[in-house]
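Protein chains in written order, with this note's numbering: chain V, 260 to 627; chain R, 7 to 715.
All C-beta atoms in this analysis are idealised placements derived from N, C-alpha and C, irrespective of residue type, glycine included.
Notes follow the structure.
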């Protein structure tokens with residue numbers, strides 16, 4: 260077995276370039292969006308998060324992903340313990356009405372965010388082990404259990420947004436791991452029925468979560484709640500026009516009409532200040548990044564590597580679709596950040612670690 | 007759980023290319039969908055969303071116009087404005103305003119229960135409508151609002167100009183007051199241009215001239231953030247301030263009238279009968295119009311409207327009362343014009359009663375004719391005169407001179423009074439007129455009712471030889487043309503008319519009025535005599551009788567009467583007429599004395615002004631007499647004999663101009679004396695107008711007229 264010396268020449272520099280360009284746009288837009296708010300200065304914090312994320316990415320890419328795949332059952336088990344611990348009142352830290360964090364000294368540690376990465380690795384291992392052969396219903400059930408149990412735990416926190424981001428991991432794993440079309444159709448049908456049942460039973464989702472999920476259809480029904488946020492977002496994006504109102508000149512963003520314009524609604528702020536042209540350019544960057552990742556998945560050394568990258572692609576695509584969709588009124592307000600754009604340590608760190616995993620796979624594409 | 011991950015790394019397996027291609031197309035499709043969404047909003051919907059964004063951030067804030075100020079006839083400020091801050095509550099700014107109310111009530115020194123009630127009152131109003139919660143916010147309270155911008159974003163302040171009225175109810179009824187436009191008013195087409203919360207004139211000049219005084223509010227486009235905090239201005243449409251108005255009142259005379267009436271219930275009108283300019287108008291009891299500029303409290307309001315003396319009523323134009331003996335002036339004119347009074351000689355034995363009821367006179371006047379009937383105010387004479395005239399002729403004259411008709415003064419709420427007639431009785435009481443009833447009417451009792459303003463206009467007009475004027479309180483020359491026309495339509499009345507009175511009759515009546523204030527036996531207002539002032543007038547004492555009783559019900563009841571005095575100066579072509587009403591007063595000569603004070607104040611001011619005018623503008627040579635001594639030298643130059651006085655007395659007349667003697671006359675010559683004009687000459691002179699007569703030299707119309715008869 261030939262072992263080529265690993266070097267950063269094998270790093271995906273074009274991908275990193277696009278990512279850093281996106282991060283630059285993000286920092287500039289965060290600066291603009293927080294100019295007249297109490298969040299002034301968050302752009303420098305974001306720079307620190309990005310630097311930290313880059314370091315984490317480099318470190319993470321050095322560890323052979325096969326080792327990670329070997330260790331993943333233990334990691335998975337540990338994080339399941341964390342997720343359970345979060346729900347225990349005296350361990351889990353409660354903020355904004357949800358128990359999502361564990362306090363470790365000065366740092367708030369959010370296991371559900373890290374669980375995404377664990378699930379990407381876990382799903383990759385699980386489906387790679389099935390070897391690409393046709394899945395039995397038992398395999399499918401096991402996959403559901405693998406992802407579904409942590410999903411329910413996160414939903415219990417409650418954190419609808421994060422728990423939803425686990426779903427694309429499962430979907431991508433099943434689809435790429437050997438699901439046949441018939442099974443796919445059956446699952447989609449069953450999923451629809453179950454979702455309908457869960458919705459009407461009223462047990463799984465809290466009323467405010469339901470309201471949030473439906474208000475996007477008709478924002479005027481709820482002009483002061485999430486409907487208000489959505490409406491302000493639409494006004495922001497729409498009033499940007501083709502060329503935008505100019506940096507730091509968006510009336511919706513600067514007048515504090517747009518809710519959390521540096522985090523969940525940063526794409527609306529961008530759309531207002533830089534117009535269709537700016538928003539389209541960012542979408543194009545995302546598209547290029549995703550395409551580049553899929554290409555890396557194709558050239559990966561083995562199935563598990565491909566599945567890791569495709570897991571990352573699935574999560575990123577899902578987040579982009581849901582976040583941008585929310586901003587332009589296609590999707591409900593769920594509180595899912597836009598990767599690489601929204602302000603926030605957890606989000607930045609996760610995205611860079613996910614990219615690090617992808618880099619990891621790419622660097623070792625010639626290994627075997 | 008680890009069994010899920012069983013197995014080894016499978017290095018030969020790959021993801022089928024087809025599936026990856028499907029994923030790629032899926033990503034592409036998603037991106038296209040998002041791009042389409044962006045296109046829809048940013049390219050197709052841009053204009054609409056831009057408009058919505060502007061609506062979001064721009065709030066139109068009214069810039070309130072300053073109300074026009076009011077000045078007196080000598081341009082002295084009467085009603086001013088002062089800057090004030092009001093506090094509003096914007097419910098939209100906070101989801102749960104209720105919870106903040108205790109803090110707001112504490113900070114703004116408001117009653118919490120009342121604040122809750124105010125909010126409840128606006129419960130059904132749209133959420134964006136600001137609720138006024140406190141007016142005239144103090145500096146401390148404003149600081150409280152500023153300091154709690156973040157905790158209490160629902161509090162909003164607005165700068166206003168607020169009315170500042172004179173103290174102690176000075177001219178309060180004439181000026182009126184302002185208040186928030188009521189919901190009833192808003193439904194009235196006259197108030198079509200008003201919006202809820204607007205301040206409008208509610209009485210007096212403030213109401214009658216509201217259209218001019220209020221000006222036009224401007225607006226300002228304020229840039230706000232989502233919390234409603236102002237972050238900048240876009241454009242300002244400046245408010246057009248209201249027009250200042252010059253009132254016809256004279257502050258000095260108004261003050262004299264206020265003081266003369268004191269705390270007594272009643273009213274005073276002082277008017278220039280030559281042109282109808284109201285020089286003073288007082289009504290008692292009064293009120294403080296300043297209480298209305300800040301929202302008047304419920305208890306204060308109830309106190310005002312339940313007071314049996316009606317402080318809000320402008321009695322000068324709204325009190326309809328029997329004119330009593332002041333009606334005898336009209337009776338005299340009617341009797342003389344009809345040729346009856348000249349020849350009527352009556353022996354007053356204390357009353358008269360040809361129809362079964364004995365009608366009393368106050369005194370046993372003995373022989374009375376038209377010349378002493380007015381100063382005596384002899385009821386017996388007027389019973390007989392009225393009996394001969396009959397109700398139809400009395401009613402005709404009274405109506406022609408303005409009884410029972412509005413004068414058309416430019417103040418809201420004027421009452422017309424009442425002049426009974428056969429037709430009136432038939433229409434309202436469905437019965438015939440008894441000749442006996444005419445006797446009551448003849449002395450201004452019965453159903454006759456008049457306002458103080460009507461009496462001023464009628465008696466002032468008679469003293470002016472039948473020149474009747476439309477009273478007004480604002481100089482009409484400062485009004486826009488169409489506004490002036492509208493005003494005449496809005497305040498209809500008998501207006502300016504000329505009713506010819508035969509000159510002989512005119513002299514008879516006015517001389518009779520002049521005798522009223524001369525000391526003399528039976529003269530009703532001798533105590534109101536003013537030395538050097540030609541005050542003519544008529545007293546009146548009237549029982550409090552409503553016209554619905556038909557005239558007879560007051561008999562046998564002890565009622566404190568209303569006392570009147572209507573006086574003019576000078577007696578013919580007067581410059582001033584004063585009508586004074588003292589409700590439930592004592593004796594009518596008291597009212598005459600009060601009115602005399604006002605007349606004296608007017609004349610004294612006038613003379614002071616005239617004196618100043620003469621010195622400044624027309625320094626004609628002054629003739630003066632002097633006595634002096636000269637050294638006792640004989641014309642031949644020799645000294646007189648010793649023992650004789652060394653000096654010699656001399657006397658002479660000089661013409662002095664600017665302090666220098668321009669022409670010395672010989673001692674002992676007749677001084678150039680102003681010969682009084684006599685008889686008809688004085689009348690002719692008076693007819694040409696008092697002012698012209700004055701300029702002719704001295705004060706002939708005053709002095710000569712007194713000596714004339």
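Out of the options, which one is the CA nearest neighbour of residue i?
i, options, result
"residue 539(R)", "355(R), 428(R), 607(R)", "607(R)"
"residue 365(V)", "377(V), 352(V), 375(V), 373(V)", "352(V)"
"residue 298(V)", "513(V), 573(V), 431(V), 598(V)", "513(V)"
"residue 503(V)", "574(V), 288(V), 399(V), 611(V)", "288(V)"
"residue 427(R)", "418(R), 140(R), 408(R), 402(R)", "402(R)"
"residue 433(V)", "389(V), 497(V), 498(V), 421(V)", "389(V)"
"residue 317(V)", "616(V), 624(V), 623(V)", "616(V)"
"residue 285(V)", "590(V), 349(V), 549(V), 528(V)", "528(V)"
"residue 408(V)", "378(V), 577(V), 598(V), 350(V)", "378(V)"
"residue 143(R)", "159(R), 110(R), 174(R), 32(R)", "110(R)"
"residue 427(V)", "21(R), 33(R), 22(R), 615(R)", "33(R)"
Hey, residue i and residue j: beta-carbon distance below 8 Å or not?
i, j, result
"residue 371(V)", "residue 359(V)", "yes"
"residue 640(V)", "residue 522(V)", "Outside the shown range of chain V, which is 260 to 627, sits residue 640(V), and nothing can be said about it."
"residue 375(V)", "residue 609(V)", "yes"
"residue 400(R)", "residue 447(R)", "yes"
"residue 211(R)", "residue 265(R)", "no"
"residue 391(R)", "residue 323(R)", "no"
"residue 308(V)", "residue 604(V)", "yes"
"residue 486(V)", "residue 495(V)", "no"
"residue 62(R)", "residue 516(V)", "yes"
"residue 500(R)", "residue 414(R)", "yes"
"residue 466(R)", "residue 605(R)", "no"
"residue 108(R)", "residue 118(R)", "yes"
"residue 449(R)", "residue 388(R)", "yes"
"residue 716(R)", "residue 183(R)", "Summary: the structure shown does not reach residue 716(R), with chain R confined to residues 7 through 715, and so no result is reported for it."
At the level of alpha carbons, what is the spacing between residue i and residue j?
i, j, result
"residue 127(R)", "residue 137(R)", "10 Å"
"residue 290(V)", "residue 246(R)", "44 Å"
"residue 516(R)", "residue 542(R)", "7 Å"
"residue 582(V)", "residue 595(V)", "6 Å"
"residue 243(R)", "residue 70(R)", "11 Å"
"residue 632(V)", "residue 66(R)", "Summary: the structure shown does not reach residue 632(V), with chain V confined to residues 260 through 627, and so no result is reported for it."
"residue 551(R)", "residue 425(R)", "In this prediction, residue 551(R) scores a pLDDT of 49, lower than 50, which makes its location untrustworthy; no coordinate-derived value is stated."
"residue 569(R)", "residue 215(R)", "33 Å"
"residue 310(V)", "residue 530(V)", "26 Å"
"residue 467(V)", "residue 420(V)", "13 Å"
"residue 481(R)", "residue 256(R)", "12 Å"
"residue 368(R)", "residue 331(R)", "12 Å"
"residue 343(R)", "residue 296(R)", "50 Å"
"residue 483(R)", "residue 489(R)", "11 Å"
"residue 240(R)", "residue 228(R)", "6 Å"
"residue 333(V)", "residue 339(V)", "10 Å"
"residue 392(V)", "residue 402(V)", "15 Å"
"residue 363(V)", "residue 382(V)", "28 Å"
Quick one: residues in its chain with C-beta nearer than 7 Å to the C-beta of residue i, no 5 flanking neighbours on either side, listed in chain order?
i, result
"residue 151(R)", "93, 161, 163"
"residue 609(R)", "539, 575"
Please go through the same chain and pick out, in chain order, the residues whose beta-carbon is closer than 8 Å to the beta-carbon of residue i, but skip the five residues on each side of it.
i, result
"residue 686(R)", "Summary for residue 686(R): the model assigns pLDDT 45, below 50, so the residue's position carries little reliability; its value from the coordinates is reported in the next sentence. There are no such residues."
"residue 452(V)", "none"
"residue 396(V)", "442"
**OP:** Spell out a yes or no on whether the stretch 323-338 of chain V and the stretch 557-564 of chain V are touching, meaning 3 or more CB-CB pairs, one atom from each, closer than 8 Å.
**Re:** yes
Original post:
Are the stretch 584-604 of chain R and the stretch 470-477 of chain R in contact at 8 Å, needing three or more beta carbon pairs?
Top reply: no
Subject >> Any 3 or more C-beta pairs closer than 8 Å across the stretch 335-342 of chain R and the stretch 497-517 of chain R >> reply: yes
Subject >> Touching by the beta-carbon criterion (3+ pairs, under 8 Å), the stretch 486-499 of chain V and the stretch 567-576 of chain V >> reply: no
Original post:
Looking at C-beta atoms only, is the number of pairs between the stretch 70-89 of chain R and the stretch 108-127 of chain R that lie closer than 8 Å three or more?
Top reply: no
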